[in-house]
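Take a look at the structure set out below.
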Amino acid sequence: MASKSACLMVASSAAEGVSAQSFINSFNLCSSAFNLQITTPGGKPIDFLDVDDSNMRWIQDFRVKSYASPAKLESIDGSRYHALLIPSCPGAMTDLAQNGYLAKILQHFVTENKPICAIGHGVTALCSAINEDKSWIFKEYSMTGPSIFELVRRRDFANLSILMEDFAKDSGAIYSGNKVFQNRMELGKDYCIHIIVPKEQVFSKFPVLFRSWHSVI
Numbered sequence: 006m007a008s009k010s011a012c013l014m015v016a017s018s019a020a021e022g023v024s025a026q027s028f029i030n031s032f033n034l035c036s037s038a039f040n041l042q043i044t045t046p047g048g049k050p051i052d053f054l055d056v057d058d059s060n061m062r063w064i065q066d067f068r069v070k071s072y073a074s075p076a077k078l079e080s081i082d083g084s085r086y087h088a089l090l091i092p093s094c095p096g097a098m099t100d101l102a103q104n105g106y107l108a109k110i111l112q113h114f115v116t117e118n119k120p121i122c123a124i125g126h127g128v129t130a131l132c133s134a135i136n137e138d139k140s141w142i143f144k145e146y147s148m149t150g151p152s153i154f155e156l157v158r159r160r161d162f163a164n165l166s167i168l169m170e171d172f173a174k175d176s177g178a179i180y181s182g183n184k185v186f187q188n189r190m191e192l193g194k195d196y197c198i199h200i201i202v203p204k205e206q207v208f209s210k211f212p213v214l215f216r217s218w219h220s221v222i
């Protein structure tokens with residue numbers, strides 16, 4: 006039997022945390038198809054958000070596993086991995102969006118045409134991938150993620166260091182999803198499912214991993 010390919014899951018270790026449900030769905034889906042390596046800046050533990058009765062037991066069981074201890078992002082060799090996954094991480098704008106180590110990994114993945122999947126707030130981590138000429142490596146890509154229309158509802162909106170929609174558009178990318186979300190809000194829905202698949206990259210607006218990523222891999 007052929008061995009599984011290796012997938013790198015990059016998560017934030019900042020206090021703003023990682024969406025518990027996004028992480029759980031991402032982990033369950035990818036661990037069945039890949040040898041999964043979790044990594045955070047400094048190898049620090051993940052602070053999960055929105056833990057409730059439906060996922061608390063899973064988080065507790067996960068934390069005692071040997072593979073639950075993240076590797077240091079600073080020591081990761083991107084060439085060892087075949088796919089890269091970033092779950093929804095509100096903390097990404099704090100410790101991933103300007104992370105030079107993550108930038109090198111992303112540049113390797115884009116150069117080698119390896120699949121990248123960024124979900125929800127995890128898309129903000131892609132801001133780190135700046136070329137030497139100061140251009141963004143994902144310019145001219147189509148992508149989605151949290152829109153300004155969504156973020157403006159947050160109490161800390163005025164203090165957010167990065168607005169992903171503005172950053173992407175200012176850097177030459179095509180960013181969609183804002184109108185989709187507004188339409189859903191008009192129907193009384195507080196979320197939407199919006200997926201874009203450009204080249205080998207996958208961007209999801211909804212903070213839960215989607216099964217269609219398997220078709221890209």
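So the sequence shown is numbered by our numbering: it starts at 6 and just counts up by one.
For glycine and all other residues, C-beta sits at the position ideal for the given N, C-alpha and C.
Out of the options, which has the shortest C-alpha to C-alpha gap to residue i?
i      : options                          : result
Ser8   : Asn40, Leu34, Gly48 and Leu165   : Asn40
Ile65  : Asn104, Val128 and Ala25         : One point to set straight first is that residue 65 is Gln, not Ile, in the sequence displayed. For Gln65, the nearest C-alpha among the options comes from Ala25.
Tyr86  : Ile51, Phe162, Ile43 and Asp171  : Ile43
Val15  : Asp171, Ala178 and Ile110        : Ile110
Glu117 : Asn60, Leu89, Arg62 and Pro46    : Leu89
Ala145 : Leu107, Asp175, Arg160 and Asp58 : A small fix is needed here, since residue 145 is Glu in this sequence, not Ala. Of the listed residues, the one whose Cα sits closest to Glu145 is Asp175.
Ala5   : Pro46, Pro50 and Arg159          : The chain is shown only over 6 to 222; residue 5 falls outside these bounds and no answer can be derived.
Ser17  : Cys94, Glu79, Tyr180 and Gly105  : Cys94
Phe154 : Asn33, Ser36, Tyr180 and Asn104  : Tyr180
Identify the continuous beta strand (DSSP E) that holds residue i and give its terminal residues.
i      : result
Ile43  : Phe39 to Thr45
Leu13  : Ser10 to Val15
Ile306 : The requested residue 306 is not part of the displayed model; the chain covers only 6 to 222.
Tyr146 : Premise fails: Tyr146 is in no beta strand (DSSP E) and is neither H nor E.
Ser181 : Ile179 to Ser181
Excluding sequence positions up to five away, which residues of its chain have a Cβ less than 7 Å from the Cβ of residue i?
i      : result
Asn136 : Ile142
Gly48  : Pro75, Ala76 and Lys77
Pro151 : Gly125, His126 and Met169
Gln112 : Ala134 and Ile142
Val128 : Met148, Gly150, Met169 and Phe208
Leu156 : Phe162, Leu165 and Leu168
Leu107 : Val15, Leu78, Leu101, Ala130 and Ser133
What does a CB cutoff of less than 8 Å around residue i pick up in its chain, not counting 5 residues either side in sequence?
i      : result
Asp55  : Ser24, Ala25 and Gln26
Ala20  : Asp52, Gly96 and Thr99
Glu191 : Low confidence applies here, because Glu191 scores a pLDDT of 47, under 50, leaving its location unreliable and the question unanswered by this model.
Trp63  : Ile29
Taking the alpha helix (DSSP H) that residue i falls in, what are its first and last residues?
i      : result
Leu261 : Here the chain comprises residues numbered 6 to 222, so residue 261 is not present and cannot be evaluated.
Phe172 : Met169 to Asp175
Check the C-beta distance from residue i over to residue j and give it rounded, since I have them as a contact under 8 Å.
i      : j      : result
Phe28  : Pro92  : 5 Å
Ile167 : Cys132 : 6 Å
Within 8 Å (strictly less), CB to CB, does residue i reach chain D?
i      : result
Ser133 : Looking for chain D here will not work: only one protein chain is present.
Note down, in chain order, each residue of its chain lying with its Cβ closer than 6 Å to the Cβ of residue i, except the 5 sequence neighbours on either side.
i     : result
Ser10 : Phe39 and His87
Leu13 : Gln42, Tyr86 and Leu89
Next item on the list: Identify every run of the beta strand (DSSP E) within the segment 96–138, keeping only runs that are complete inside it and at least 3 residues long; order them along the chain.
Entry: 121–124
Notebook entry, point to check: Going along the chain, which unbroken runs of the alpha helix (DSSP H) with 4 or more residues stay wholly within the segment 22–81?
Noted result: 25–36 and 61–68
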